[in-house]
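**Student:**
In this note's numbering, the protein residues as written are 212 to 416.
(1) Once you ignore the five residues that flank residue 344 on each side, which residues in its own chain have a CB closer than 7 Å to its CB?
(2) In chain order, what are the residue ranges of uninterrupted beta strand (DSSP E) at least 3 long that sit wholly in the segment 233-279?
(3) Taking 7 Å as the cut-off, decide whether the C-beta atoms of residue 274 and residue 287 are in contact.
(4) Extract the residue ranges of the beta strand (DSSP E) inside the segment 285-369, only unbroken runs of 3 or more that lie entirely within it.
(5) Grab the span of the alpha helix (DSSP H) containing residue 377 for me, first residue to last.
(6) DSSP state of residue 220, grouped into three classes?
(7) Which of helix, strand or coil does DSSP assign to residue 385?
(8) DSSP has residue 228 in a bridge; who is on the other side?
(9) Which term fits residue 297, buried or exposed, when burial requires 16 or more other beta carbons within 10 angstroms of its beta carbon?
(10) Hey, would you say residue 372 sits closer than 7 Å to residue 289, going by beta carbons?
(11) Let me make sure I understand the geometry here. Which of 255, 251, 319, 322 has the alpha-carbon closest to that of residue 261?
(12) Closest by CA to residue 354, which one among 369, 364, 379, 346?
(13) Taking 6 Å as the cut-off, is the beta-carbon of residue 405 closer than that to any non-hydrogen atom of the ligand GDP?
(14) Quick one: Cα of residue 388 to Cα of residue 256, how far?
(15) Between residue 212 and residue 311, how many whole angstroms is the CB-CB distance? I'm expecting something under 8 Å.
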């Protein structure tokens with residue numbers, strides 16, 4: 212599990228394509244290498260990936276083609292940077308919300324302002340997933356725990372503070388790019404239960 216508090220923005224050194232999967236070579240800061248082991252889970256741009264090798268501070272992660280199809284990792288190349296968060300320990304303070312690193316969908320960035328004052332991102336979520344996003348609700352965007360400021364049908368706006376701009380990859384994104392979206396699990400369960408309950412009530416009428 213993760214907290215949605217991005218710990219660093221790390222550079223991709225190389226991307227190697229294989230049959231059925233892709234290997235990402237990422238340079239982590241020394242402070243995030245402590246106790247890191249092969250197989251450890253790390254959030255990379257919000258996607259839960261496992262460490263496959265370590266050489267100094269250069270760490271590799273493999274992503275299956277199915278993962279690439281569902282996330283924006285498919286568009287990453289050497290020289291790009293990614294949000295990184297190590298998996299949380301039970302004793303860690305959670306300043307965000309519980310995140311699994313399982314991306315629900317990608318959302319198209321339709322508008323953005325990446326400088327202060329008034330920095331924001333606005334994105335369009337596929338209709339099937341829009342029902343799980345609410346004004347003032349939690350959302351993980353590229354692994355960052357954020358609060359939805361405005362919601363209108365399938366278009367949502369999130370305001371960004373200076374620290375978020377400094378500590379995440381959002382400033383490199385442009386209109387038309389895609390963001391990784393993980394909806395809040397508890398919200399998803401609640402919405403599904405309400406929908407099923409209403410369907411049963413309608414059937415009985």
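Where is the CB? At the ideal position from N, CA and C, for every residue including glycine. Note that the coordinates shown come from a computational prediction; the quantities given were computed from them, not determined experimentally.
**Tutor:** In this structure, then:
(1) Scanning its chain for C-beta atoms nearer than 7 Å, with the 5 sequence neighbours on each side dropped, one finds around residue 344 the residues 336, 350, 359, 362, 367, 394, in chain order.
(2) 252-255, 258-266, 269-275
(3) no
(4) 292-297, 316-324, 331-335, 349-352, 355-358, 361-363
(5) 373-378
(6) Judged by DSSP in its simplified three-state form, residue 220 adopts strand.
(7) coil
(8) Looking at the DSSP assignment, residue 228 forms a beta bridge with 233.
(9) By the 10 Å Cβ count, residue 297 comes out buried.
(10) no
(11) 251
(12) 379
(13) For the structure depicted, the ligand GDP is absent and the ligand set is empty, with no information on it obtainable.
(14) As the crow flies, the alpha-carbon of residue 388 is around 14 Å from that of residue 256.
(15) 6 Å
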